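Engineer:
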Amino acid sequence: MIKMMLRPRWVLALLLALGVAAGFALLGHWQLERAIESGVVVERSTEQVKPLADVVQPDGTVTQIATGQMVTTTGSWVPGDEQLITTRLNGGIDGFWVVSHFQTDAAASVAVARGWAPDRATAQSVIEVLATEPSNAPVTLTGRFLTGEAPELPDPEGDSMEMTKVAPSALINLWADFSDESVYSGYIVDAEAAPGLDVIDSPVPEVDQSLNWLNIFYAIEWVVFAGFAVFLWYRLVRDALEREIEDAEALTALT
Numbered sequence: 528m529i530k531m532m533l534r535p536r537w538v539l540a541l542l543l544a545l546g547v548a549a550g551f552a553l554l555g556h557w558q559l560e561r562a563i564e565s566g567v568v569v570e571r572s573t574e575q576v577k578p579l580a581d582v583v584q585p586d587g588t589v590t591q592i593a594t595g596q597m598v599t600t601t602g603s604w605v606p607g608d609e610q611l612i613t614t615r616l617n618g619g620i621d622g623f624w625v626v627s628h629f630q631t632d633a634a635a636s637v638a639v640a641r642g643w644a645p646d647r648a649t650a651q652s653v654i655e656v657l658a659t660e661p662s663n664a665p666v667t668l669t670g671r672f673l674t675g676e677a678p679e680l681p682d683p684e685g686d687s688m689e690m691t692k693v694a695p696s697a698l699i700n701l702w703a704d705f706s707d708e709s710v711y712s713g714y715i716v717d718a719e720a721a722p723g724l725d726v727i728d729s730p731v732p733e734v735d736q737s738l739n740w741l742n743i744f745y746a747i748e749w750v751v752f753a754g755f756a757v758f759l760w761y762r763l764v765r766d767a768l769e770r771e772i773e774d775a776e777a778l779t780a781l782t
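Structure representation (structure tokens):
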């Protein structure tokens, strides 16, 4: 068996098998690193208020680091662009959000959840008051920046205009005189509720410390493939040796 393995053709085949196994091992190592990286806790000072412009930029995607960050910005409200968002929980109680259109001093628009109401009548009355406030009044806004939610199709048996998600992509279609302006993909939960509303419960974001078990499974799979490449070479050598022995015995029997 050893002599068979030392033949040039099988030595070259072994080198090829080892090269393939090394490639599989590298892929397994890469998958393992991905699994470990996904489980690393990224420490973020989300409760340290930072300027909005330093956390996220308009007309771009919202990064994981930006999500949940307390931010501050200056600008003014755009009266008349208030919207009612239904089925919003606050302390486990179902109710309504009032969301306003805020324009920063940098001429970028962002949706702001102004507060929570336990019933529709209260929320509507606040919207009516907010719509009459003067425009261009300077405001310093502080709140938690969150990723914009995906728009949801209305209930075919309900109100077609009812909104249940804070989706900037849908809100900009309802804002008056809004054209091709810069807009943030997320929204801000105001730290101080508008008069007549309750402050929205916006807890510190939880940190996900779970490992990516799918990547770990892939890493193990690549290691198995690497071992199989060497095992396949061994089986080919063994089969070749057995065939030579059988041919030799057959030749001996004929003579």
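Just so we're aligned, residue 528 is where the sequence shown starts under the working numbering, counting upward by one. For glycine and all other residues, C-beta sits at the position ideal for the given N, C-alpha and C. Here the structure is a predicted model, which means the values were calculated and not measured.
Out of Leu-553, Trp-537, Leu-542, point me to the one whose CA is closest to Val-751's CA.
Structural biologist: Taking the first residue of the sequence shown as 1, we reach residue 751 at position 224. The candidate whose alpha carbon is nearest that of Val-751 is Leu-553.
Engineer: Suppose you measure from the CA of Leu-579 to the CA of Gly-607; what does that come to, to the nearest Å?
Structural biologist: Your numbering for residue 579 matches position 52 in the sequence shown. Your numbering for residue 607 matches position 80 in the sequence shown. So the two alpha carbons sit approximately 24 Å from each other.
Engineer: Only counting the same chain, and skipping five residues up and downstream in sequence, which positions put a Cβ closer than 8 Å to that of Ala-544?
Structural biologist: The sequence position of residue 544 within the sequence shown is 17, counting from 1. Cβ neighbours of Ala-544 beyond the five flanking positions: Ala-756, Val-757, Leu-759, Trp-760.
Engineer: Please classify Pro-695 as buried or exposed, where buried requires at least 16 other C-beta atoms within 10 Å of its C-beta.
Structural biologist: Working through the sequence shown from its first residue, we reach residue 695 at position 168. Flag for Pro-695 reads buried.
Engineer: Output the boundary residues of the beta strand (DSSP E) element that contains Val-639.
Structural biologist: Counting from 1 along the sequence shown, the entry for residue 639 is found at position 112. Segment 635-644, the beta strand (DSSP E) holding Val-639.
Engineer: Helix or strand or just coil, what does DSSP make of Gln-610?
Structural biologist: Locating residue 610 in the sequence shown gives position 83, where the first residue counts as 1. Looking at Gln-610 - three-state DSSP - the assignment turns out to be strand.
Engineer: At the level of alpha carbons, what is the spacing between Gly-555 and Leu-542?
Structural biologist: Taking the first residue of the sequence shown as position 1, residue 555 is located at position 28. Taking the first residue of the sequence shown as position 1, residue 542 is located at position 15. When rounded, the distance between both Cα atoms is 20 Å.
Engineer: For the region 649-668 against the region 581-595, are there 3 or more C-beta pairs whose distance is under 8 Å?
Structural biologist: no
Engineer: By Cβ distance below 7 Å, which residues in the same chain neighbour Tyr-745 in space, the five residues on each side in sequence not counted?
Structural biologist: Taking the first residue of the sequence shown as 1, we reach residue 745 at position 218. Closer than 7 Å at Cβ, skipping near neighbours: Gln-558.
Engineer: Looking only at DSSP bridge pairs, what is Thr-600 linked to?
Structural biologist: Position 73 of the sequence shown holds residue 600. In DSSP, Thr-600 forms a bridge with Leu-668.
Engineer: If you draw a straight line from the C-alpha of Phe-672 to the C-alpha of Thr-613, how long is it?
Structural biologist: If you number the sequence shown from 1, residue 672 lands on position 145. If you number the sequence shown from 1, residue 613 lands on position 86. Near 20 Å, if we compare the C-alpha coordinates of Thr-613 and Phe-672.
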